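Protein chains in written order, with our numbering: chain F, 9 to 148; chain H, 33 to 416. For glycine and all other residues, C-beta sits at the position ideal for the given N, C-alpha and C. Just so we're clear, the structure is a prediction, and the values are computed from it rather than from any experiment.
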Amino acid sequence: MTQSLASVVPGLYAHNEQGELELTGSFCAACQRYAYPRVEHCPECLQPTERKPVGGKGSIYSYTVIRTRPPFQLPEPYAVGYVDLAASGLRVFGLFHPEVIEQLRIGMPVALEEIPLGINNDGQPCLRPVFTPAVKSDEH
Amino acid sequence: MSTEPKVFVAGIGVLPFGKHVERSVTSLAVEAGLLALRDAGVAPREIGMGFFANVLASRLFGDSTLGQNVFASLGMNRIPVVNVENACTSGSSAFHLACMAIRAGECDLVLAIGAEKMCLPQMGLLSSGNTDPDTLLGLVTPASFALRARRHMQEFGTTAQQMAQVAVKNRKHAALNPQAQFREPITLEQVLNSPLIADPLTRLQSCPIADGAAAVLLCSEKVAKRLSCRIGVRASILVSGSYDNPQDLARWETDFRCAQQVYEKAGAGAADVDLVECHDAFTIAEIMHYEALGLCAPGEGGRFVESGAAALGGTTPVNVSGGLLSRGHPVAATGLAQIAEVTLQLREQAGARQVHGAKLGLAHCMGGDRAADTKSATIVILAT
Ligand SMILES: [Zn+2]
């Protein structure tokens with residue numbers, strides 16, 4: 009089933025050689041600058057950038073559980089936040105896996121997955137990238 | 033002080049914020065404009081240029097370039113009219129452009145009007161637009177501020193009670209403002225026990241929507257002498273976000289940068305400010321603005337409101353109008369209504385909510401969301 013669904017934003021993320029999911033951003037070799045979401049030209053030097061993974065693993069910088077009526081048929085409630093990616097140092101916005109919203113803590117290690125979640129702009133069910141705890145957290 | 037041409041507030045007009053079910057955006061805007069003209073005692077043919085701020089009419093009603101309709105209805109056809117959309121700072125951006133037109137010597141009287149009609153069933157939560165990946169990943173405005181609140185609590189020990197106190201304070205102020213939408217006092221318990229919308233923020237910590245309109249008429253020094261206007265624009269600053277990554281969600285760089293620029297331009301500091309109207313879209317936002325505006329040290333915003341310093345009678349009263357939290361937030365009218373409130377205070381015409389002896393006031397607004405930053409921030413300093 010997962011195979012037949014498209015990503016909510018084509019090209020937003022991809023699997024790396026290890027089979028792990030990473031967000032796809034861009035990199036300016038001259039400025040040594042990553043960007044996510046991807047930009048075509050580096051805002052610093054205006055040279056064309058190269059497409060580059062910016063990472064899928066990191067730690068939670070901040071999070072919140074949203075309890076208003078969700079957009080795009082996301083679950084109610086759903087959780088979002090900012091994750092500091094280890095590979096690029098970028099702080100990126102993302103969803104958290106709906107099953108872990110009660111476990112979220114600042115500093116928690118997380119990794120990216122893709123799951124069927126909600127609908128896209130055309131009203132079609134789609135895949136979304138979600139961060140989920142990188143290690144099973146049984147400790148409290 | 034600089035020798036650049038001075039700008040003065042000649043007139044203000046604000047409609048009560050709330051539900052104006054029977055009226056159009058244009059009708060609300062025209063009335064606010066009329067009030068400002070009457071307040072100044074100026075005829076429409078004297079106005080050299082018009083700016084009209086609106087955010088939602090294109091989305092909700094399919095309308096565009098409404099500004100020309102508004103100014104034509106007020107007897108101001110033929111003159112240059114510019115429509116302004118800058119999210120929540122649309123009104124204050126229109127004001128900023130009006131100041132620039134006068135400073136440039138283009139005209140002596142410029143009218144800025146902002147109006148919004150948004151109390152409609154089809155009005156959902158505001159977002160950055162449906163093509164933004166963040167929006168598609170579930171970013172809604174309350175979440176942006178909840179994520180800041182979480183960091184502020186973590187880093188500075190700010191408490192849920194301190195945040196809730198902002199809502200209690202602003203509602204207490206609103207009871208003194210006949211034009212505010214919500215005037216019933218609320219308690220700390222009511223604020224904290226209202227439904228969570230994006231934890232830790234509850235519904236009563238989020239500004240309600242409203243229909244409304246506001247207008248500010250600006251003039252040159254020459255006209256100010258004729259009209260006996262004594263409220264001057266000491267500085268008006270408009271900046272955009274840096275969008276630097278990573279953004280520090282507990283110390284809002286764009287907010288601090290805007291404040292630093294406005295104080296520099298005004299030749300004034302936080303200690304000179306007698307009152308502040310700021311963009312309290314959410315309680316945590318007001319706390320962060322205290323810090324950016326230098327009313328307290330970074331990280332001390334929660335303790336600042338707790339001390340009573342931001343209440344009417346405190347060291348620097350903030351949002352004595354009731355703020356967005358109690359007046360409601362008709363997006364494009366808000367920025368101009370804040371400037372009108374500061375003007376009223378400096379004229380000593382604010383009635384029961386008057387900040388006695390106010391000589392210098394500040395209106396602060398922010399709007400839009402991009403890359404964990406605001407897209408637009410404005411600060412205006414007015415003084416007698
Ligand atoms: Zn570059």
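What does residue i reach in chain H if we use C-beta pairs closer than 9 Å?
i, result
"Pro78(F)", "Gly170, Val172"
"Ile114(F)", "Arg182, Arg183, Gln186"
"Leu29(F)", "Per Cβ cutoff of 9 Å: no residues; Leu29(F) is ~14 Å from chain H at best."
Taking only beta-carbon positions, decide if residue i is within less than 8 Å of chain F.
i, result
"Gln194(H)", "no"
"Arg55(H)", "no"
"Pro153(H)", "no"
"Leu281(H)", "yes"
"Ala230(H)", "yes"
"Asn26(H)", "Nothing can be reported for residue 26(H), as the shown portion of chain H is limited to 33 through 416."
"Asp287(H)", "no"
"Ala178(H)", "yes"
"Pro240(H)", "no"
"Pro227(H)", "yes"
"His361(H)", "no"
Give me the chain F residues within the contact set of residue i, using Cβ-Cβ distance strictly less than 7 Å, ordered along the chain.
i, result
"Ala175(H)", "Thr72, Ile74, Val88"
"Pro165(H)", "Val17, Leu20, Pro45"
"Leu162(H)", "Residue identity check: residue 162(H) is Asn in the sequence provided, not Leu. Simply Asn129."
When you compare the CB of residue i with every CB in chain H, is at least one pair closer than 8 Å?
i, result
"Asp146(F)", "In this predicted model, Asp146(F) has a pLDDT of only 48, less than 50, meaning its place in the structure is not dependable enough to derive any value."
"Leu120(F)", "no"
"Leu98(F)", "yes"
"Thr10(F)", "Low confidence applies to Thr10(F): its pLDDT is 49, below 50, so where it sits in the model is not reliable, and the reading given next is rough at best. Chain H, which has no Cβ nearer than 8 Å to the Cβ of Thr10(F), makes this no."
"Gly102(F)", "yes"
"Arg59(F)", "no"
"Leu13(F)", "no"
"Glu25(F)", "no"
Would you call the CB atoms of residue i and residue j closer than 8 Å?
i, j, result
"Gly89(F)", "Ile68(F)", "yes"
"Leu120(F)", "Gly64(F)", "yes"
"Leu69(H)", "Gly99(H)", "no"
"Leu392(H)", "Asp306(H)", "yes"
"Arg359(H)", "Ala212(H)", "yes"
"Val265(H)", "Phe84(H)", "no"
"Glu318(H)", "Asn351(H)", "yes"
"Thr191(H)", "Gly383(H)", "no"
"Arg402(H)", "Ala282(H)", "no"
"Ala395(H)", "Val363(H)", "no"
How would you list, in chain order, the residues of chain F whose beta-carbon sits under 9 Å from the beta-carbon of residue i?
i, result
"Ile263(H)", "What Ile263(H) touches in chain F: nothing, since even the nearest Cβ is about 40 Å away."
"Pro330(H)", "Those within 9 Å of Pro330(H) in chain F number zero; the least Cβ separation is about 17 Å."
List the residues of chain F that residue i touches, going by C-beta distances under 8 Å, in chain order.
i, result
"Ala404(H)", "Tyr90, Arg99, Phe101"
Which residues of chain A have a Cβ atom closer than 7 Å to the Cβ of residue i, listed in chain order?
i, result
"Leu82(F)", "Reference to chain A is not applicable here, since the protein chains of this structure are F and H."
### Query
Under a criterion of Cβ closer than 7 Å to any non-hydrogen atom of ligand 1, which residues qualify, in chain order?
Cys36(F), Ala38(F), Cys39(F), Arg41(F), Cys50(F), Glu52(F), Cys53(F), Gln55(F)
### Task
Identify every run of the beta strand (DSSP E) within the region 71-158 of chain H, keeping only runs that are complete inside it and at least 3 residues long; order them along the chain.
81-85, 113-116, 141-148
### Task
Scan the region 251-318 of chain H and note each continuous alpha helix (DSSP H) run of 4 residues or more that stays entirely inside, going in chain order.
253-259, 285-298
### Task
Could I get the ranges of all uninterrupted alpha helix (DSSP H) runs contained in the region 63-125 of chain F, with 4 residues as the minimum, in chain order?
none
### Query
What runs of the alpha helix (DSSP H), each 4 residues or longer, lie entirely inside the region 325-377 of chain H?
333-338, 355-359
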